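Numbering follows the working numbering, with no gaps: position 165 of the sequence shown is 310.
Where is the CB? At the ideal position from N, CA and C, for every residue including glycine.
Note that this is a predicted model, so its numbers are computed, not measured.
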Amino acid sequence: MLILALDTSGKSLSVALNRDGELLGEATLNIGLRHSVTALPLIHDLCARCEVDYAAVDAYACAIGPGSYTGIRIGISTIKGMAYAAGRPAVGISSLEALTAGLGPVTGAVILPLLDARSGRLFSCAYQDGELILPEANRQQAELAVMLEPKLLAAAPEQRKLILLGDGAFTFAD
146 MLILALDTSG KSLSVALNRD GELLGEATLN IGLRHSVTAL PLIHDLCARC EVDYAAVDAY
206 ACAIGPGSYT GIRIGISTIK GMAYAAGRPA VGISSLEALT AGLGPVTGAV ILPLLDARSG
266 RLFSCAYQDG ELILPEANRQ QAELAVMLEP KLLAAAPEQR KLILLGDGAF TFAD
């Protein structure tokens, strides 16, 4: 199955092509919130580089947040339009879940995908051993630290590892 995926939920714009679990190609632009102008040309460019015709795409995926409200609307509209025109299915994927997908299996460590929600707040959730241990929410940094402390202290000292992902990682690390 060939899947075209798009993420416009943050300042970066990303598009990827995946066939049966194998990444065929991906492209990311970090030019600010210009997704309405750059999404379709980037998709076209990636399909051309991977020698993939739009008609060959079996399904479409799009990040549905959390993130920039306008960016998410642009991504969903783009993917829904392409899927509708092709008569193919479209699915939404959590932006936080998508951040963790590239890690593969991680044992013991707490994985913390973070997106900057501004004003000292972070969109966040947490995973450990493949299980969601803290649901997605918009939290204050201090609140998130207090919620994570018992989960980290419950682990054996050699397993007290925290993996931070996303543009909110720098904010949280401070």
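Item: From the DSSP secondary-structure annotation, give me the bridge partner or partners of A172.; Value: V160
Item: What's the C-alpha gap between I224 and C195?; Value: 19 Å
Item: Between which residues of its own chain and A235 is the CB-CB distance below 6 Å, once the five residues before and five after are set aside?; Value: Y205, I224, K225 and A228
Item: Would A208 pass as a contact of I238 if the rule is Cβ separation under 7 Å?; Value: yes
Item: Three Cβ pairs or more, each shorter than 8 Å: is that satisfied between the stretch 180-198 and the stretch 270-288?; Value: no
Item: As a quick exercise: from A271, V291, E171 and A254, pick the residue whose alpha carbon is nearest that of A193.; Value: E171
Item: Quick check on the DSSP output: the alpha helix (DSSP H) that includes S264 runs from which residue to which?; Value: Premise fails: S264 is in no alpha helix (DSSP H) and is neither H nor E.
Item: Among V202, L149, T316 and M146, which one has its Cα closest to the Cα of R263?; Value: T316
Item: Can you tell me whether G220 is buried or exposed? The criterion is at least 16 other CB atoms within 10 Å of its CB, across all chains shown.; Value: buried
Item: Using a Cβ-Cβ cutoff of less than 6 Å, which residues in the same chain neighbour A314 once the five nearest sequence positions on both sides are dropped?; Value: L259
Item: Where do the N-terminal and C-terminal ends of the alpha helix (DSSP H) with P295 fall, by residue?; Value: Q286 to L298
Item: Whose C-alpha, out of T173, L162 and V251, is nearest the C-alpha of E305?; Value: The question names Glu, but residue 305 in the sequence shown is Arg. Nearest of T173, L162 and V251 to R305, Cα basis: V251.
Item: Could you spell out the range, first to last residue, of the alpha helix (DSSP H) harbouring C207?; Value: Not the alpha helix (DSSP H): C207 falls in the beta strand (DSSP E), residues A204 to A208.
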